[in-house]
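For the sequence shown, this note's numbering begins at 19 and goes up steadily by one.
C-beta: ideal position from N, C-alpha, C; glycine also.
Please read all numbers here as calculations on a predicted model, not as lab measurements.
Step one of this worksheet: look at the structure below.
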Amino acid sequence: SPGTAASCSMEKRGPVLHIVVVGFHHKKGCQVEFSYPPLKPGEGHDSHSLPEEWKYLPFLALPDGAHNYQEDTVFFHLPPRCGDRSTVYGVSCYRQIEAKALKVRQADITRETVQKSVCVLSQLPLYGLLQAKLQLITHAYFEEKDFSQISILKELYDHMNSSLSSTLLEGSQVYLGLSPRDLVLHFRHKVLILFKLILLEKKVLFYISPVNRLVGALMTVLSLFPGMIEHGLSDSSQYRPRKSVSEEAGLQENTLRVHDCVSVSAADTSNTNLGMGKGGRKMAGSSSLEGQKANVPFSQSEKTCNGAQSSNGTVQRLRVPSRASPASSESDWETLDPSILEEANLKEGGNPASEQAGSLLSKGMSSEGLPITVQPQANTGHTVLVQGLVSGLEEDQYGMPLAIFTKGYLCLPYMALQQHHLLSDVTVRGFVAGATNILFRQQKHLSDAIVEIEDAHVQIHDPELRKILNPTTADLRFSDYLVKHVTENRDDVFLDGTGWEGGDEWIRAQFSAYLHALLAAVLQPDNEKTLSDFGTAFVAAWKNTHNYRVWNSNKHPALAEVNSSHPFQGQYSVSDVKLRLSHSVQNSERGKKIGNVMVSTSRNVVQTGKAVGQSVGGAFTSAKSAMSSWFSTFTQSPQSLGD
Numbered sequence: 019s020p021g022t023a024a025s026c027s028m029e030k031r032g033p034v035l036h037i038v039v040v041g042f043h044h045k046k047g048c049q050v051e052f053s054y055p056p057l058k059p060g061e062g063h064d065s066h067s068l069p070e071e072w073k074y075l076p077f078l079a080l081p082d083g084a085h086n087y088q089e090d091t092v093f094f095h096l097p098p099r100c101g102d103r104s105t106v107y108g109v110s111c112y113r114q115i116e117a118k119a120l121k122v123r124q125a126d127i128t129r130e131t132v133q134k135s136v137c138v139l140s141q142l143p144l145y146g147l148l149q150a151k152l153q154l155i156t157h158a159y160f161e162e163k164d165f166s167q168i169s170i171l172k173e174l175y176d177h178m179n180s181s182l183s184s185t186l187l188e189g190s191q192v193y194l195g196l197s198p199r200d201l202v203l204h205f206r207h208k209v210l211i212l213f214k215l216i217l218l219e220k221k222v223l224f225y226i227s228p229v230n231r232l233v234g235a236l237m238t239v240l241s242l243f244p245g246m247i248e249h250g251l252s253d254s255s256q257y258r259p260r261k262s263v264s265e266e267a268g269l270q271e272n273t274l275r276v277h278d279c280v281s282v283s284a285a286d287t288s289n290t291n292l293g294m295g296k297g298g299r300k301m302a303g304s305s306s307l308e309g310q311k312a313n314v315p316f317s318q319s320e321k322t323c324n325g326a327q328s329s330n331g332t333v334q335r336l337r338v339p340s341r342a343s344p345a346s347s348e349s350d351w352e353t354l355d356p357s358i359l360e361e362a363n364l365k366e367g368g369n370p371a372s373e374q375a376g377s378l379l380s381k382g383m384s385s386e387g388l389p390i391t392v393q394p395q396a397n398t399g400h401t402v403l404v405q406g407l408v409s410g411l412e413e414d415q416y417g418m419p420l421a422i423f424t425k426g427y428l429c430l431p432y433m434a435l436q437q438h439h440l441l442s443d444v445t446v447r448g449f450v451a452g453a454t455n456i457l458f459r460q461q462k463h464l465s466d467a468i469v470e471i472e473d474a475h476v477q478i479h480d481p482e483l484r485k486i487l488n489p490t491t492a493d494l495r496f497s498d499y500l501v502k503h504v505t506e507n508r509d510d511v512f513l514d515g516t517g518w519e520g521g522d523e524w525i526r527a528q529f530s531a532y533l534h535a536l537l538a539a540v541l542q543p544d545n546e547k548t549l550s551d552f553g554t555a556f557v558a559a560w561k562n563t564h565n566y567r568v569w570n571s572n573k574h575p576a577l578a579e580v581n582s583s584h585p586f587q588g589q590y591s592v593s594d595v596k597l598r599l600s601h602s603v604q605n606s607e608r609g610k611k612i613g614n615v616m617v618s619t620s621r622n623v624v625q626t627g628k629a630v631g632q633s634v635g636g637a638f639t640s641a642k643s644a645m646s647s648w649f650s651t652f653t654q655s656p657q658s659l660g661d
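In structure tokens:
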């Protein structure tokens, strides 16, 4: 497009590209009312027109259902407007005000309330920091009660560009507002399941209202991956906005010829990309060498690939499912009641991991059993980052961040209803996305897992995937260790999430240690026993992912210093039986029946004063038969409990 070159040069001014005001018009719907600098070169600040790549901007900045809330905050991602640029990170602050309170009321304001969002479009993923600054300015902008007073927005643009720089990505400010501590308090033992789902590059949909709770939870999960927020999302929004019906038909037709413009498909990556690291590999959608910065304009790359932007060549794996996934049933770890775990461990006299400390490898473990192999690198200020030859991401010495959000695997913290087609787009191989509209949640066949944040409920549709993600004994110990440390310190007014043990940084360090141990373990010969602690089926599935193949295509000597066993590996003990028992009783369907029977029994005992009568006797018989059936499964296969 004519403005592409100008747009590219404009981006070099600073990390903030634009300040935008989006309003709701009673006839036209959501529309851009102001942008500084103008979104399209040559247009005025008050132009409503949008670049084609950013056509969804108004619906992302002013979210669906916003009228139900006085204020809200949105994190969203936009595709780049230039072939050699990365994801544009958007932060939007929404507010509504009564029309009668305005000092200056425009003629087109016909409703009782005025709804507007002020948003920042940035090249740096500093979500929380941008939000903090933007909330203050949005409040001041609304307090003027005259939306024509735009000087404050221009000042915001200048201030942000003078005060923000990429060096902030190496400090703790990149995590501002993202609390793993709150995540563990809410999701408890299921946080590791979310972590593994994303490692497997599954289609994961987060759901809740309002948007600030949605994006906060989703981005906090991503912050558990070393380097992911800082350097792992630059290719996470490479999608093509929907065209007209006729153009869409042409796109589908052209997608079948996508192999014409992709030299290596993901299906062949494990066999071919090892030898192509130095020579470079064509990147679908930008026709660039992955190890170099591209200079090809976005429009040119679209022509090169016949419209199939962002494809990784795996058309056979990316077809829209012809039928819905199997009917959903509640997964094994859905309603884990941690109080049972805590009671069991109190009676046992402590942490199952600490009881097995003698059998754990001492390397990388402290005397207290603290399983920290590697301190969080992003906050040390000494990390050396190099651009990955295959991933194109800035990687540390361990190959972090993993190349999960690349080649058509999208990260969309908030999705507008207008983007719904992306869930079944043939060029999108997977996603981690957030939605507030119930229509997303109802179409279960378009995702592998739905995370209902309100109830901390993780709904996985495929029984095989549930089995792959069923936690091992070592995983249960790891999760229990996290939950214990977070819940034990939750009332400490001096900690408040800022202390080390049980704090936000500490939790991120645990997941960093877990991932480094997994990576170190796969490099070891004769590692079947070691990998079984992470889940044999899980590791096998992970080895088939794009991110594993990219990571495995390079050498990472630093991992030789990392303990190559699960942080909580060790001999099976009585504590583990209790842990597994409580986990299964709380989460398997049969376990729930046992629990319901016991509740009904105790209620009858209380009411009658003694266990007599047919109802109680029947309850005991029912409990006995359910218990024997369930316990036989337990003795047969400890690893597959609760399937």
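Cut-off 6 Å between Cβ atoms - residues of its own chain near residue i, not counting five sequence neighbours on either side
{"i": "V222", "result": "L215, V450, A467"}
{"i": "V665", "result": "The structure shown does not extend to residue 665, since the chain spans only 19 to 661, so no value can be given for it."}
{"i": "P81", "result": "V92, V229"}
{"i": "A492", "result": "D551, H584, F586, Q587"}
{"i": "P481", "result": "none"}
{"i": "Q153", "result": "C111"}
Same chain, Cβ closer than 7 Å to residue i, five either side skipped, listed in chain order
{"i": "S663", "result": "Any property of residue 663 remains undetermined from this structure, which presents the chain solely from 19 to 661."}
{"i": "H574", "result": "Q415, Y416, G417"}
{"i": "G97", "result": "The residue you asked about is not Gly; residue 97 is Pro in the sequence shown. Here the set comprises E71, S255, Q256, Y257."}
{"i": "Y432", "result": "L78, P81, V92, F93, F94, V229, L232, V233, G452"}
{"i": "K58", "result": "G21, S65, S67, P69"}
{"i": "P76", "result": "V40, C48, Q49, V50"}
{"i": "R526", "result": "P198, S241, L242, P394"}
{"i": "N545", "result": "A539"}
{"i": "V446", "result": "Y257, G426, L428, L440"}
{"i": "M246", "result": "L240, P419"}
Assumed close pair residue i, residue j - CB separation to whole angstroms, cut-off 8 Å
{"i": "I211", "j": "V50", "result": "That pair is no contact at about 39 Å."}
{"i": "E116", "j": "R99", "result": "Not confirmed; about 37 Å, so no contact."}
{"i": "Y107", "j": "V136", "result": "Contact doesn't hold; Cβ gap of about 15 Å is too wide."}
{"i": "L147", "j": "L186", "result": "7 Å"}
{"i": "S227", "j": "G83", "result": "6 Å"}
{"i": "N565", "j": "A421", "result": "5 Å"}
Spatial distance of residue i from residue j (CA atoms)
{"i": "Y74", "j": "S67", "result": "12 Å"}
{"i": "R335", "j": "V444", "result": "Residue confidence for R335 is low, a pLDDT of 37 falling below 50, so the modelled location carries little weight; the figure read from the coordinates is stated next. Taking the straight line from one Cα to the other gives about 9 Å."}
{"i": "A474", "j": "F205", "result": "5 Å"}
{"i": "L536", "j": "D90", "result": "38 Å"}
{"i": "S530", "j": "E61", "result": "47 Å"}
{"i": "R459", "j": "E470", "result": "9 Å"}
{"i": "N86", "j": "G47", "result": "16 Å"}
{"i": "L533", "j": "P419", "result": "11 Å"}
{"i": "H63", "j": "L171", "result": "12 Å"}
{"i": "S140", "j": "H36", "result": "7 Å"}
{"i": "R567", "j": "L203", "result": "34 Å"}
{"i": "Q405", "j": "E412", "result": "4 Å"}
{"i": "L217", "j": "L251", "result": "14 Å"}
{"i": "A539", "j": "K220", "result": "23 Å"}
{"i": "Q542", "j": "S184", "result": "36 Å"}
{"i": "I486", "j": "I155", "result": "47 Å"}
{"i": "L174", "j": "V209", "result": "37 Å"}
{"i": "Q437", "j": "P259", "result": "8 Å"}
Residue i: first and last residue of the uninterrupted beta strand (DSSP E) it sits in
{"i": "V38", "result": "34-43"}
{"i": "S110", "result": "106-116"}
{"i": "V92", "result": "89-96"}
{"i": "L440", "result": "Unbroken run through L440: none, as it is neither H nor E."}
{"i": "L549", "result": "First-last for L549: 546-550, but that is the alpha helix (DSSP H), not the beta strand (DSSP E)."}
{"i": "Y432", "result": "Y432 -> no beta strand (DSSP E), and no H or E assigned at all."}
Residue i, enclosing alpha helix (DSSP H) - first and last residue
{"i": "S533", "result": "Strictly speaking, residue 533 in this sequence is Leu, with Ser absent from that position. Counting along the chain, the alpha helix (DSSP H) containing L533 begins and ends at 522-540."}
{"i": "L78", "result": "75-79"}
{"i": "Y54", "result": "From DSSP, Y54 is part of no alpha helix (DSSP H) but of the beta strand (DSSP E) over 47-54."}
{"i": "Y566", "result": "564-570"}
{"i": "V420", "result": "As written in the sequence, residue 420 is Leu, which differs from the Val given in the question. Here L420 belongs to no alpha helix (DSSP H), and DSSP marks it neither H nor E."}
{"i": "W560", "result": "554-560"}
Close beta carbons around residue i, own chain, < 8 Å, minus the five adjacent residues each side
{"i": "Q88", "result": "R113, Q114"}
{"i": "A150", "result": "L194, G195"}
Check: residue i C-beta below 6 Å from any heavy atom of the ligand SAM
{"i": "G62", "result": "Here there are no bound small molecules, and the ligand SAM is not part of this structure."}
Legend entry - Minimum length 3: unbroken beta strand (DSSP E) runs contained in the stretch 129-199: 131-140
Legend entry - In chain order, each alpha helix (DSSP H) run of at least 4 residues that lies wholly inside the stretch 446-520: 456-460, 481-486, 491-506
Inset, instruction - Report the residue ranges of all beta strand (DSSP E) runs contained in full by the stretch 217-257; include only those spanning at least 3 residues, in chain order. - result: 222-225
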